[in-house]
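Line by line, the protein sequences give chains A and B. The opening residue of the first sequence carries number 1 in UniProt numbering; numbering runs sequentially from there. The opening residue of the second sequence carries number 1 in UniProt numbering; numbering runs sequentially from there.
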Amino acid sequence: MSEIKGASVVIVGGGVTGLSAGWWLARDGVDVLVLEKGLIGWEASGRNGGGCSHHHSPLFAEEQRLWPIMDELLGYPTEFRGERIRLAASEHQMALYGRALRNAERQGFQSAVLDVKQAKEMVPLAGDTVVGGYHYKFGGHANPHRTLQGYAWAMQDHGGRILQHTTVTGFRSEGGRVTAVETDRGPIGCDSLVLAAGPQTGRLSAMLGQEVPVQSARCEMIVTEPLPLMPLGGVDGCGLYGRQTLRGNLAYGGGPHEWLALAEEGTPAKPTTPLMLHMGKRLAELLPKAAHARIIRSWAGVIENTPDGRPVIDRLDAQANVVVATLSSVGFGLSPASGHAIRDLVLDGACSFADISSFKLSRFAELEPNWRELQGWQASAATAMLSA
Amino acid sequence: MNIPASDPKSVTGKPLPIDETVDVLVVGGGPAGLEAAIGAAARGLGVLLVDENPIPFTTMGDDVPLHFGQGMAANARNRNAMMEAFIASEPRIEEAFEAGVDVRLGTACWGLYANGPTLGWMPGLVAGLADAERSVLVQARHVILACGRRDMGLGFPGWEKPGVLGATAALNLATRYGAFGPRKVIVLGSNTEALVTAIALREAGVTIAAIVEQAPEPVGDEDLLASLRQGGTDILTGHVVREAVGRDAVEVAMVARLDENGRPTGDERAIACDGIVLSVGTTPVVDLLDAAGGKVSFQAERGGYAPVLDADQRTSLAHVHAVGDCAGIWPAKTRDRAIAEAEAARAVAALGQVATGNKSESPPAPAYDIGDYRLAWVRASVIEARAEFHVCQCEEVTAREILEVRPPRYLDWRDERRNDRSLSALLGEGPPNPDQVKRLTRAGMGPCQGRRCREQVAGLLALGAAQPLSAIPLAGYRAPVRPMPLAMTAHVPEAPGQAEHWDTWFGMHAQWVPFWEVPERYTVASNDATGPVASE
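Right, dumping it as structure tokens:
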């Protein structure tokens, strides 16, 4: 087996977080190598709804600054389109959805309240179920596949490297620093390590002596055949998130998830379920004038969450040159900013543009060891047995 | 021990609305499916047999579930007549009714669901069924898949014109519906499946002008070739179709001789015909099994991607068997339905029995390398085409755009800085993956669900990466394996608990607390699990 050349920064995980970090580092001239067990973007990064509107996050301002210029920065199309609409089918929903306005307004972003007439004008596929809505003049949506490939190609344009089909089996460390990543293709030396391995982040961080608590779950989406383009593609409501793609398809998700016990290694299967029918029913309620459109696919993704659902982007205490990152099931839209934050942590030791203290691992210092059971996040007996 | 409550936002404790439960569900009412259904009923089991035929005319128009290529005669619009013709063309359908099988024609199975390492929600085997009006969920103790065969698509300029269709679609229209439109056709491919199709069409009154074969010699059974020759059919080996010409539909096929390198020459002839039947690669229908997570692998002796089976036709999914053409296609099986029926009988005998661990007996080795053969067709017809055409008709993607991994044209994306994003730049190491290329080019992403292009795209990727066809992974199938209008989903209600707790995302209060209000420490005890959720 020929020796694989190491890199100044080795990133474990070719998802959207790892690739964005790789791109941010490479464009600063850093020698960076991304390791991926299968194909890049094959997990949650390539299976999400493409939303870019996370007003609860400290990365929100940077997310909003970057998305409109990502095509230009990357040199590849992301299909980003700005702004979103949320339709309400009841006064109760109208009140609930209003919370987003306050969060965004506090950070300097505007929204408009839509009456029935305005909502129907802006969303031609809407129907008589709508009682009103909100027009968020921020955020938007992009195409996950294209964005992800854009990060990868842009990183390669700056000299970064990607090794697909490479499984990490362990780490070598000396004096409290990781010196090499052990893989099924041999050891790969590094000066710094970024762990952004999605559901595998928990298991791999435990090998480094400081476990990031995560639990995996399966979520699902559906997509219809193309329909005439609405003026604004990012339309949510009725318990669904999603978008009309630039091709015209309606891609939507939402509803219950299933907590999973994952096998140690490898790419987990991602079966769908008849939940497709319930998503379809809700989509027809959200956009009644699309009820004739046919569902042509459903798909599922396996996603990790931390106990509080908030990201971890932090340096490990146990290994000084390691940054761990999980975006806890909300990673795609934040990826331009999360990659920037990871770059800052790796090179400068601190995030330069936002207070990300709420992403610190130390918040779990007093976490109950049986937190999964306490939160009811245990895998069903069938999957636990089958994955054992 | 204290047993904690489950996350109310998860699927745990949310029953699926199952319409009915049966002992055995048989999907497909061909020779194997009928034998399985009648045999299982004879064992005293309650059997539901669904077959999507007769296919509604408009569905055929979308090339679902087969590449019908607008080859339907006008009488295919008459659904009652098609129902009668379909039943009359297969006496064992009546036998199945009499044996007490619950036979439902015009009912498609669009999804199959089984628990596995990453799915524990199913109460057992669950299938999604749909007729023209509604979709329902059915639970079955056993499922026997008898879904049949389909054909590899093969493009050339003009192949989108009405009259270019797959052999299986042609065969069904001619022999089961009595509704085949074209009167004079050429057949592409000289394998046994192509020749059997040609003879069946001839018996239905269709003129077979020529068999067109890119290989230097025919690859199918000699006696069938002799019969066709005697009937006046030209056997044109070393030829491909250069173009289908015609104003609104196929009127002429331009056919060219290949040189010794397999490249088309200027030696062309025009063959007047109103149909071009594609039979260059007959392949098992594995959509339901693959979507359910069952194991399939490229098995040349079974006609391409086929289920991994044991000696009793068991698939890798517990209590799911595959029989008939969907379990593998080879010349002898194509010519003798008794082979498919014997598979069905074995599966029925094994219902409820413990697996022996015996592997299935391997079919006879193919007389020719089907991987090389299919690649040769793609090279001669698609890559050497004299004009660009859409390999993926739904999304209008050309062969060049697939091989160069181009963003779709609706983006109008022109990157002047980098123009060398070839397949190899995408891949790094490992074989090219059609699903990855699909995501970037949209080839195979349309409403026909890749039925017309998936084998061609695999062929293009194999040629582009200089890999054998068998190295290219199967482009994944996803439920619904038949397109389903959103409106049809309304008949399956949500469980009350599911509706009550439905949330856009995980329904976690803590996840959406704005960052300026996040507490320094997180513990389950201090968390307000019932707090508001921004995404609800």
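Using N, Cα and C, we set each Cβ at its ideal position, and we do this for glycine too.
Residue i (DSSP reduced to helix, strand or coil)
i, result
"B/T315", "coil"
"A/N305", "strand"
"A/T147", "helix"
"A/S216", "strand"
"B/W110", "strand"
"A/M1", "Note that A/M1 has pLDDT 49, beneath the 50 cutoff, so the model's placement of it is unreliable and no number is given."
"B/R229", "helix"
"residue 545 of chain B", "Any property of residue 545 of chain B remains undetermined from this structure, which presents chain B solely from 1 to 536."
"A/D191", "strand"
"B/D51", "strand"
"B/N419", "Any reading at B/N419 needs caution, since the residue's pLDDT is 49, under 50, leaving its predicted position unreliable; the model's value is listed next. In the structure shown, B/N419 sits in coil (DSSP, three-state: anything other than H, G, I, E or B)."
"B/R149", "strand"
"B/I208", "strand"
"B/E217", "coil"
"B/H142", "strand"
"B/P161", "In the sequence under discussion, the amino acid at residue 161 of chain B is Lys, which differs from the Pro named in the question. Three-state result, B/K161: coil."
"A/I296", "strand"
"B/K438", "helix"
"B/Y522", "coil"
"B/R77", "helix"
"B/E500", "helix"
"A/A291", "coil"
"A/A7", "strand"
Endpoints, the alpha helix (DSSP H) within which residue i is located
i, result
"B/L375", "I370 to W377"
"A/K117", "V116 to M122"
"A/W259", "Where A/W259 is concerned, there is no enclosing alpha helix (DSSP H), although the beta strand (DSSP E) it sits in stretches over E258 to L260."
"A/S335", "S335 to D348"
"B/H390", "That residue, B/H390, is in no alpha helix (DSSP H); its beta strand (DSSP E) goes H390 to C392."
"B/M60", "F57 to G61"
"A/D71", "M70 to L74"
"B/Q456", "R454 to A465"
Candidates the options, of which the one nearest residue i by Cα
i, options, result
"B/T282", "B/T107, B/R242, B/C273 and B/G328", "B/G328"
"B/Q353", "B/R141, B/E520 and B/E20", "B/R141"
"B/L440", "A/G38, A/P77 and A/A251", "A/P77"
"B/D259", "B/E384, B/R176 and B/T398", "B/E384"
"A/D191", "A/V178, A/T183, A/E182 and A/P199", "A/V178"
"A/L101", "A/C351, A/G22 and A/H135", "A/H135"
"B/G106", "B/C147, B/G61, B/E193 and B/P56", "B/P56"
"B/C453", "B/H390, B/A210 and B/V255", "B/H390"
"A/K270", "A/V34, A/T326, A/E43 and A/G170", "A/E43"
"A/D184", "A/Q375, A/G266, A/E366 and A/K289", "A/G266"
"B/C525", "A/S380, A/R172 and A/L374", "The amino acid occupying residue 525 of chain B in the given sequence is Ala; Cys does not appear at that position. It is A/L374 whose Cα lies nearest to the Cα of B/A525."
"B/I38", "B/A349, B/V11 and B/T265", "B/A349"
"A/S298", "A/A251, A/A337 and A/F332", "A/A251"
Opening and closing residue of the beta strand (DSSP E) in which residue i lies
i, result
"B/P284", "T282 to P284"
"B/E341", "It is not in any beta strand (DSSP E) - B/E341 instead sits in the alpha helix (DSSP H) that spans R337 to A350."
"B/D102", "D102 to L105"
"A/Y241", "Y241 to Q244"
"A/G140", "G132 to H141"
"B/Q299", "V296 to Q299"
"B/A471", "No beta strand (DSSP E) contains B/A471, which DSSP labels as neither H nor E."
Nearest-angstrom beta carbon gap, residue j and residue i [assumed within contact, 8 Å]
i, j, result
"A/L87", "A/A119", "6 Å"
"B/L171", "B/T197", "5 Å"
"A/R346", "A/V194", "Contrary to the premise, residue 346 of chain A reads as Val rather than Arg in this sequence. Contact flag correct, Cβ pair sits at about 6 Å."
"A/I40", "A/L73", "Incorrect: roughly 19 Å between the Cβ atoms, too far for contact."
"A/S329", "A/I303", "5 Å"
"A/K5", "A/T167", "With a Cβ gap of about 18 Å, A/K5 and A/T167 do not count as contacting."
"B/A41", "B/I144", "In fact, because the Cβ distance is near 12 Å, the residues do not count as touching under 8 Å."
Is the region 145 to 154 of chain B touching the region 278 to 296 of chain B in the sense that three or more CB pairs, one from each, lie closer than 8 Å? yes
Any 3 or more C-beta pairs closer than 8 Å across the region 44 to 58 of chain A and the region 137 to 150 of chain A: Judged by Cβ distances under 8 Å, the region 44 to 58 of chain A makes contact with the region 137 to 150 of chain A, as three or more pairs qualify.
Three CB pairs or more closer than 8 Å across the region 195 to 214 of chain A and the region 58 to 77 of chain A: no
Under 8 Å, with one C-beta from each stretch per pair, do the region 307 to 322 of chain A and the region 192 to 208 of chain A reach the 3-pair mark? yes
Does the region 292 to 305 of chain B come close enough to the region 247 to 255 of chain B to have 3 or more Cβ pairs within less than 8 Å? Result no; under three Cβ-Cβ pairs closer than 8 Å.
Meets three-Cβ-pair contact criterion under 8 Å: the region 510 to 527 of chain B and the region 361 to 370 of chain A: Yes: the two stretches touch, three or more of their Cβ pairs being nearer than 8 Å.
Three Cβ pairs or more, each shorter than 8 Å: is that satisfied between the region 129 to 145 of chain B and the region 17 to 26 of chain B? yes
Could you check whether the region 180 to 197 of chain B touches the region 309 to 326 of chain B, counting it as contact only if at least three pairs of C-beta atoms, one from each stretch, sit closer than 8 Å? no
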